[in-house]
Amino acid sequence: GSPGNGAVLVVDGGGSLGTALMGDMIAEGAVANGWAGVVINGAIRDREALARLDLGVKALGSNPKKSLKAGAGEVDVDVVIDGVAFRPGATVWCDPDGILVEP
Numbered sequence: 005g006s007p008g009n010g011a012v013l014v015v016d017g018g019g020s021l022g023t024a025l026m027g028d029m030i031a032e033g034a035v036a037n038g039w040a041g042v043v044i045n046g047a048i049r050d051r052e053a054l055a056r057l058d059l060g061v062k063a064l065g066s067n068p069k070k071s072l073k074a075g076a077g078e079v080d081v082d083v084v085i086d087g088v089a090f091r092p093g094a095t096v097w098c099d100p101d102g103i104l105v106e107p
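Counting in this note's numbering, the sequence shown runs from 5 upward without gaps.
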């Protein structure tokens, strides 16, 4: 995987809860590569395993169904979720109540 260097990865799943975009194996890879957190506009799986990792995770919900992993996605692009722009290099703070983005 890509080195995270303490950054937060933002994934736009279009708000779909139909399949999980991240589970324990991908999350463990994120930790091993130095990512601080992940914000997913979609679903995750393996919530209990993710909670034990040193990785901040925010998602819309959970679904045990795996995604097809079709397509590689894009990197270093703006992601807009509910009108909020996450731009490469922006500072992201998260707590149990929500997410704050500073350009």
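Ideal Cβ positions, reconstructed from N, Cα and C, are used throughout, including at glycine.
Where Val35 falls: helix, strand or coil (DSSP): Against the sequence shown, residue 35 aligns to sequence position 31. The answer is helix: DSSP assigns Val35 an H, G or I state.
Got a sec? Which residues, its chain only, sit under 7 Å from Gly10 by beta carbon, not counting five neighbours each side? For the purposes of this step, residue 10 is taken as the residue at position 6 of the sequence shown. The residues are Gly38 and Ala40.
Buried or exposed: which applies to Val79, given that a residue is buried once 16 or more other Cβ atoms fall within 10 Å of its Cβ? Taking the first residue of the sequence shown as position 1, residue 79 is located at position 75. When all chains shown are included, Val79 counts as exposed.
Cα separation between Ile44 and Asp16? The sequence position of residue 44 within the sequence shown is 40, counting from 1. The sequence position of residue 16 within the sequence shown is 12, counting from 1. The alpha-carbon of Ile44 is positioned some 6 Å away from that of Asp16.
Beta strand (DSSP E) containing Leu57: first to last residue? By one-based count along the sequence shown, residue 57 stands at place 53. For Leu57, no beta strand (DSSP E) run applies, since DSSP gives it neither H nor E.
Buried or exposed: which applies to Val12, given that a residue is buried once 16 or more other Cβ atoms fall within 10 Å of its Cβ? The residue given as residue 12 occupies position 8 in the sequence shown. Residue burial is scored here from C-beta neighbours: Val12 has at least 16 other C-beta atoms within 10 angstroms and is therefore classed as buried.
For Asp86, which of helix, strand or coil comes out of DSSP? To locate residue 86, count along the sequence shown from 1; it is residue 82. In the structure shown, Asp86 sits in coil (DSSP, three-state: anything other than H, G, I, E or B).
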